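Chains as they are written, first to last, in my numbering: chain A, 13 to 467; chain B, 296 to 655.
Backbone N, C-alpha and C define an ideal beta-carbon position, used for all residues, glycine too.
These numbers come from a predicted model, not from an experiment.
Taking it in order: structure first as structure tokens, then the write-up.
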């Protein structure tokens with residue numbers, strides 16, 4: 013309000029309200045001694061200075077958060093009975109909650125299975141993956157060993173049903189036949205001049221390693237615990253890095269660009285809820301020092317924290333705005349061989365149009381960040397020259413990766429390309445073939461000669 | 296380019312001409328260049344923006360929104376220079392808005408009057424007092440410092456259109472620079488305004504309205520504009536509006552300044568993101584109609600300026616501020632016209648306003 017409601021002289025709106033409502037507005041809100049939802053239990057106070065403190069009882073609060081998780085899972089067909097789900101676990105609060113909730117879903121499914129007569133709906137499988145980044149942060153090796161021990165005990169406590177734990181060293185992205193993967197990783201990261209670029213490249217490699225362990229171990233879903241708050245930061249970092257086109261691909265509930273589709277069941281929960289839930293349920297977490305950010309990512313995190321202070325619902329508004337951007341065709345569960353999927357599930361997926369047709373691959377993807385690229389952007393399609401791997405890499409990358417990840421001069425770039433995991437390089441070759449085919453497709457009806465006859 | 300700068304760095308010569316001593320580091324690219332090369336790249340880049348985006352046609356009458364601040368002063372200077380140099384064939388005018396802010400606007404108007412003489416461009420001044428019956432000083436006295444920028448922005452937009460009509464120009468140019476547009480992109484994300492988000496990066500807007508406006512400085516950094524004005528010793532008024540400190544934009548401005556320090560090209564990257572956002576073009580364009588009260592272009596029954604004015608005149612300063620609470624619907628209850636006692640300008644129909652007797 014521009015004017016102070018008390019003692020206002022300017023004859024503005026507030027005066028017109030009757031005294032009754034004015035008093036209610038001015039009076040200090042008396043402590044509600046009942047939960048505003050169920051109206052029977054005593055409300056919880058977390059005393060963390062956050063919003064909505066002291067309004068819900070423990071049960072209603074918990075149900076609310078779990079409810080959002082479950083709604084996301086069912087409405088986007090994230091986990092169905094025949095699935096084998098890998099939960100990416102960093103030790104942080106969001107992934108801890110994701111793991112806990114997935115575990116509870118699994119327990120419920122198991123109960124139903126054991127209770128049902130015909131045992132028609134199998135129980136989905138759950139595994140846990142932790143990416144060990146010691147190779148990138150050698151100074152943290154002892155901390156990492158302790159963390160892994162703690163993770164092992166945490167995961168084993170979450171049974172039955174038992175869950176496999178996969179500790180994935182990040183250098184595994186280079187494949188088992190790479191000579192000295194740790195050294196190669198260090199060389200790769202050192203050749204990136206920009207701090208933010210280095211950090212982002214590491215994130216891309218992390219995802220690649222998760223994909224690798226998931227597909228090699230028969231998982232068909234990767235659960236990532238990204239919450240609303242993290243996504244809000246991502247919206248802003250993507251914007252300031254010129255990645256506005258691909259932004260909508262990263263922030264949906266489902267991201268099926270990858271071999272093993274990624275699902276975000278906690279996308280609609282804010283960090284405050286997650287932190288409070290961990291407190292409430294005694295869920296322990298571990299904060300690794302390598303989690304800290306630098307450069308642009310750090311600047312954005314501080315900015316979002318500042319905005320949150322000014323208005324606690326700002327994160328939600330940011331994500332809501334970004335959610336209005338048009339998603340991509342791959343932001344749905346992909347169409348696959350349905351033979352293992354129970355009939356009921358198949359019917360539901362078809363009815364709600366929750367699957368996409370995988371043959372519609374019209375986007376070019378950046379080999380490093382896997383971001384879909386604006387066709388009109390890739391104007392260097394004719395840049396290709398035989399044997400010029402580094403130039404092909406430059407041409408295939410999005411403008412953001414070109415600037416912040418690729419080294420600026422040709423020879424460093426070539427060396428950089430040699431350090432990249434084979435999977436990323438094969439993307440480049442794949443795209444080279446694709447773009448010619450793509451162009452041909454567009455002008456096919458006007459071509460008079462066959463390809464071989466054209467000079 | 297790489298080897299050039301390496302050599303230049305070693306012998307301390309301008310990156311571009313490799314002739315003169317560098318006197319500045321270019322904010323956009325951090326290149327170390329001499330004054331003359333700076334003028335050249337600065338002016339040439341703007342010329343390229345004008346040409347590639349086809350901003351003008353030969354023979355057009357163009358009004359430059361002139362506040363007396365650095366953006367509009369540099370714009371007036373550069374545009375008249377490029378107009379001469381490249382034969383754009385434009386008829387240029389200065390259009391200034393007097394919001395009635397004592398100690399700020401009266402000083403900056405003096406600057407614009409000097410610009411009129413210095414650049415030889417005819418000047419037209421339009422005031423809020425004449426147009427709406429309220430000065431910003433009056434408005435702030437009534438509503439305080441929280442939403443005053445909303446009033447000023449809305450009134451200014453219409454005032455510029457009215458002034459442009461007075462001058463009978465074909466186009467309006469404003470000095471919005473890259474920093475402004477980047478701020479607006481971020482602001483619209485923070486505020487949830489997807490419709491504005493889709494429009495705010497357009498270099499030309501309002502082609503289907505009373506008067507199209509364009510922003511030749513869309514890719515020009517604020518810091519470079521300041522640098523240009525500084526080196527060329529251009530006459531401009533450099534104080535920030537006295538009513539602006541509480542604007543929400545301030546948050547974003549600080550953030551962008553920090554961002555620029557880390558990565559100068561981030562400002563252009565934000566604009567690029569804004570241009571590339573996948574926003575369905577079909578759904579959210581507001582329907583264009585005219586205001587029932589004054590005939591100005593509007594997507595609602597009454598244009599925003601009329602809504603705000605009505606609020607001011609009725610002592611309801613929150614009217615038209617914040618989320619729509621059926622404000623326009625409220626007018627259905629208020630069928631009686633403003634009483635005969637209210638003989639001020641703002642209640643008259645637009646068509647009946649006698650423009651001939653206004654201003655100087």
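Under 9 Å between C-beta atoms of residue i and residue j
| i | j | result |
| --- | --- | --- |
| residue 547 of chain B | residue 492 of chain B | no |
| residue 274 of chain A | residue 236 of chain A | yes |
| residue 516 of chain B | residue 559 of chain B | yes |
| residue 384 of chain A | residue 269 of chain A | yes |
| residue 355 of chain B | residue 384 of chain B | yes |
| residue 362 of chain B | residue 421 of chain B | no |
| residue 122 of chain A | residue 114 of chain A | no |
| residue 435 of chain A | residue 265 of chain A | no |
| residue 238 of chain A | residue 278 of chain A | yes |
Length of the line joining the Cα atoms of residue i and residue j
| i | j | result |
| --- | --- | --- |
| residue 255 of chain A | residue 405 of chain A | 18 Å |
| residue 455 of chain A | residue 576 of chain B | 27 Å |
| residue 453 of chain B | residue 446 of chain B | 11 Å |
| residue 201 of chain A | residue 323 of chain A | 38 Å |
| residue 396 of chain A | residue 412 of chain A | Residue placement at residue 396 of chain A is flagged as unreliable, the pLDDT there being 46, under the threshold of 50; the coordinate-derived value follows with that caveat. Their backbone Cα atoms lie some 20 Å apart in a straight line. |
| residue 241 of chain A | residue 292 of chain A | 20 Å |
| residue 676 of chain B | residue 105 of chain A | The requested residue 676 of chain B does not occur in the structure, where chain B is confined to residues 296 to 655. |
| residue 168 of chain A | residue 234 of chain A | 20 Å |
| residue 461 of chain A | residue 452 of chain A | 12 Å |
| residue 649 of chain B | residue 386 of chain B | Only weak support exists for where residue 649 of chain B lies, its pLDDT of 35 falling under 50; the value from the coordinates is given anyway. The alpha-carbon atoms of residue 649 of chain B and residue 386 of chain B are separated by roughly 25 Å. |
| residue 66 of chain A | residue 283 of chain A | 17 Å |
| residue 81 of chain A | residue 174 of chain A | 22 Å |
| residue 512 of chain B | residue 378 of chain A | 31 Å |
| residue 223 of chain A | residue 76 of chain A | 31 Å |
| residue 552 of chain B | residue 562 of chain B | 9 Å |
| residue 214 of chain A | residue 439 of chain A | 18 Å |
| residue 97 of chain A | residue 128 of chain A | 23 Å |
| residue 198 of chain A | residue 148 of chain A | 6 Å |
| residue 417 of chain A | residue 488 of chain B | 32 Å |
| residue 54 of chain A | residue 166 of chain A | 31 Å |
| residue 389 of chain B | residue 376 of chain B | 15 Å |
| residue 250 of chain A | residue 259 of chain A | 6 Å |
Min CB distance residue i to chain E below 9 Å
| i | result |
| --- | --- |
| residue 247 of chain A | No chain E appears in the structure shown, which is made up of the protein chains A and B. |
Residue i - partner residues in DSSP beta bridges
| i | result |
| --- | --- |
| residue 176 of chain A | A:139 |
| residue 384 of chain A | A:377 |
| residue 96 of chain A | A:137 |
| residue 500 of chain B | B:508 |
| residue 391 of chain B | B:420 |
| residue 358 of chain B | B:388, B:467 |
| residue 584 of chain B | B:593 |
| residue 320 of chain B | B:327 |
| residue 144 of chain A | A:181 |
Spatial neighbours of residue i in its chain, beta-carbon cut-off 7 Å, leaving aside the 5 residues before and after
| i | result |
| --- | --- |
| residue 484 of chain B | 492 |
| residue 402 of chain B | 532 |
| residue 509 of chain B | 350, 466, 468, 498, 499 |
| residue 373 of chain B | 338, 341 |
| residue 529 of chain B | 368, 369, 372 |
Close Cβ partners of residue i (< 6 Å) along its chain, the five nearest in sequence each way excluded
| i | result |
| --- | --- |
| residue 451 of chain B | 392 |
| residue 569 of chain B | 480, 496 |
| residue 395 of chain B | 423, 424, 430, 431, 432 |
| residue 296 of chain A | none |
| residue 410 of chain A | 378, 383, 385 |
| residue 142 of chain A | 101, 163, 179 |
| residue 209 of chain A | 416, 417 |
| residue 414 of chain B | 371, 375 |
Same chain only: Cβ atoms within 8 Å of residue i, ignoring 5 sequence neighbours per side
| i | result |
| --- | --- |
| residue 594 of chain B | 581, 582, 583, 584 |
| residue 309 of chain B | 303, 315, 316, 317, 327, 328, 329, 332 |
| residue 245 of chain A | 309, 312, 313, 316 |
*Closer than 8 Å, Cβ to Cβ, to anything on chain A: give me those residues from the stretch 553–579 of chain B, in chain order.*
553, 554, 557, 558, 560, 561, 563, 564, 565, 567, 568, 569, 570, 571, 572, 573, 574, 575
*Check distances from the C-beta atoms of the stretch 479–507 of chain B to those of chain A and list, in chain order, the residues that come in under 8 Å.*
480, 481, 483, 484, 485, 486, 487, 488, 489, 492
*Using a Cβ-Cβ cut-off of less than 9 Å, list which residues of the stretch 228–255 of chain A approach chain B; keep chain order.*
247, 248, 250, 251, 252, 253, 254, 255
*What residues in the stretch 519–551 of chain B have a beta carbon less than 8 Å from any beta carbon of chain A?*
546, 550
*Report the residues of the stretch 308–334 of chain A with a CB closer than 8 Å to any CB of chain B, ordered along the chain.*
308, 311, 315, 318, 319, 322, 326, 329, 330, 332, 333, 334
*Could you list the residues in the stretch 260–280 of chain A with a C-beta less than 8 Å from some C-beta on chain B, going in chain order?*
260
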